[in-house]
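Numbering (the numbering used here), first residue to last: 80 to 287.
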């Protein structure tokens with residue numbers, strides 16, 4: 080029932096805002112409430128009218144913004160109670176990697192999305208062009224990471240700097256068969272989705 084979903088949404092909104100107020104007042108986590116509010120706005124813009132950008136186009140950007148910008152900032156603020164020393168440059172590749180991951184995970188649903196009128200990038204420009212766009216954008220993120228990042232330790236550097244271009248190279252090879260091979264689609268998605276995961280894991284290892 081849509082009314083039940085709406086009620087559940089309002090309850091979730093109230094709980095999120097209550098947590099934000101609690102963190103702000105009890106632990107002086109000053110950005111918790113605005114960051115949580117920004118996340119709720121993203122969710123509304125993604126799936127609720129009048130915007131519904133997941134259907135109208137642009138949902139991938141909202142996913143990347145929430146996962147690669149808001150969540151890391153909120154996590155850092157929750158632990159440090161400030162964003163003053165946050166290394167913002169690490170979010171540039173992270174945002175790009177989450178963006179290409181959002182594009183990639185929509186490729187298997189291309190046919191269903193087209194029938195439903197959902198305007199993902201793969202629906203708007205086609206599977207292979209979207210996959211090629213992903214590779215180019217991902218390599219841009221890798222170039223930024225290679226230029227800006229100096230993670231500590233060989234494993235951390237391998238995951239944050241070297242793994243992304245290697246995975247993108249393998250994904251580029253698979254992208255030629257995405258329209259004819261479900262197996263190629265599966266492994267293409269695995270490779271692309273693994274990039275932001277490896278990137279985050281690399282920085283966790285660097286911190287340790």
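We treat Cβ as the ideally placed atom computed from N, Cα and C, and that holds for glycine. All figures in this text were calculated on a predicted structure; none of them were measured in a lab.
- Task: Assuming residue 189 contacts residue 181 (C-beta within less than 8 Å), just tell me the rounded distance between them.
- Result: So it is not a contact: roughly 14 Å between Cβ atoms.
- Is the beta carbon of residue 221 less than 7 Å from the beta carbon of residue 243? yes
- Query: In this structure, does DSSP put residue 142 in helix, strand or coil?
  - Reply: helix
- Message: I'd like to know if the segment 250-270 and the segment 228-236 are in contact, where contact means that at least 3 CB-CB pairs between them fall below 8 Å.
- Response: no
- residue 216 versus residue 89 - alpha carbon distance: It is roughly 37 Å from the alpha-carbon of residue 216 to the alpha-carbon of residue 89.
- Item | Straight-line Cα distance separating residue 125 from residue 141 | If you draw a straight line from the Cα of residue 141 to the Cα of residue 125, it comes to about 7 Å.
- Take the Cβ of residue 283 as the centre, count every other Cβ of all protein chains shown within 10 Å, and call the residue buried at 16 or more, exposed below. exposed
- Query: Does the beta-carbon distance from residue 148 to residue 114 come in below 7 Å?
  - Reply: no
- Cβ atoms of residue 103 and residue 94: under 7 Å apart, would you say? no
- Item | residue 160, DSSP secondary structure in three states | coil
- Cutoff 8 Å; reference residue 235; Cβ partners in own chain excluding five residues on either side: Excluding its 5 nearest sequence neighbours in each direction, residue 235 has C-beta neighbours in its own chain below 8 Å: 281, 282, 284 and 285, listed in chain order.
- Message: Can you give me the C-alpha to C-alpha distance between residue 252 and residue 226, rounded to a whole angstrom?
- Response: 25 Å
- Report the residue ranges of all alpha helix (DSSP H) runs contained in full by the segment 182-231; include only those spanning at least 4 residues, in chain order. 189-195, 200-204 and 206-227
- Near residue 266, what residues of its chain come up, given a Cβ to Cβ distance below 7 Å and the 5 sequence neighbours on each side ignored? 253
- Which one of 198, 175 and 185 has the shortest CA to CA distance from residue 223? 175
- Which class does residue 88 belong to by DSSP, given the choice of helix, strand or coil? helix
- Item | residue 103 (DSSP reduced to helix, strand or coil) | helix
- Query: Looking at the unbroken alpha helix (DSSP H) that takes in residue 249, where does it start and where does it end?
  - Reply: Residues 242-253.
- Task: With DSSP as the reference, label residue 131 as helix, strand or coil.
- Result: coil
- Using three-state DSSP, classify residue 109 as helix, strand or coil. coil
- Determine the contact status of residue 186 and residue 206, defining contact as a CB-CB distance below 7 Å. yes
- Just checking, does the segment 130-145 make contact with the segment 189-199 on the three C-beta pairs under 8 Å criterion? yes
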